[in-house]
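Single-structure report; data block below.
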Amino acid sequence: MLCPGVYPPDPTLGITDPQMLSSPKLVRRSRNYEHRPCPQCGKSCPRDRIFIRTLHDLGDALAGRPRDLQITYSQHHCTRCGRYFTTDMSDLAAPKARYTHRVVATAVRIVVEDGLPYQTASWHLWRDHRVFVPYATIQNWVEARGKKGGPSHRGRLPRLGPRRLLRVHRR
Ligand SMILES: [Zn+2]
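Sequential numbering from 145 applies to the sequence shown in the numbering used here.
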C-alpha cells in the first residue's frame, strides 16, 4: 500500500520571484577588534576601519528560512610594513566570496558525489538547505576544482572523499 504524505509539498513551489520568498534570518557575527597582529611582522596594529560583510549560509530547513551571516570586521594598519589587513575570516568563507564554505562544500558534494546536474543541484540546495545559488555559480565552484567537464558526465566523475574536500576548503 502506498504511503502518501510523507513529504509535504514545498510551499515555495512555483514561486519565481525571489521577493516572495521568506526573508533570511540574520545571524550577526563579530570579527571586530581594537588590535590585531600584523600577518607579516607580528606587530600589534590598531583598528583603522570597520566593515560589514554578508555571507549566505545553509538555511534553516525546518523554519523554511534562508540564513545570512552578517559579519562586522575590522581593518588594521601596520605602520611598520605600511600595509592594511583585515581580520581573518578564512574559516568561514574564501576572500570576496558571497557564500560560506559550508554552502560551497554542500553544493560541490551534491554535484560531484551525488551526480546531480547543476540545475537540479541548485533546486536541491534551495529545497533542502534554503540557500539560493544560481546553477552557474555551482558550475563555477565545481569547475574551479577541476573535477567536472560538463553537466552530463556523471559516470566519469571522480569521487571526492570528505578528507579531500576538507583539505580543499581549509586553504
Ligand atoms: Zn607589519
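Ideal placement from N, C-alpha and C gives every residue a C-beta, glycine not left out.
If you keep only unbroken alpha helix (DSSP H) runs of at least 4 residues inside the stretch 233-302, you get 245-256, 262-273, 279-288. Restricting attention to 243, 257, 250, the CA atom closest to the CA of residue 272 is found in 250. For residue 184, the Cβ falls inside the 7 angstroms cut-off from some heavy atom of ligand 1. The beta carbon of residue 266 lies closer than 7 angstroms to those of 277, 278, 279, 282 in the same chain, with the five residues before and after it left out. For residue 202, the enclosing beta strand (DSSP E) stretches over residues 188-204.
Relative to ligand 1, the nearest heavy atom lies less than 7 angstroms away from the CB of residue 224.
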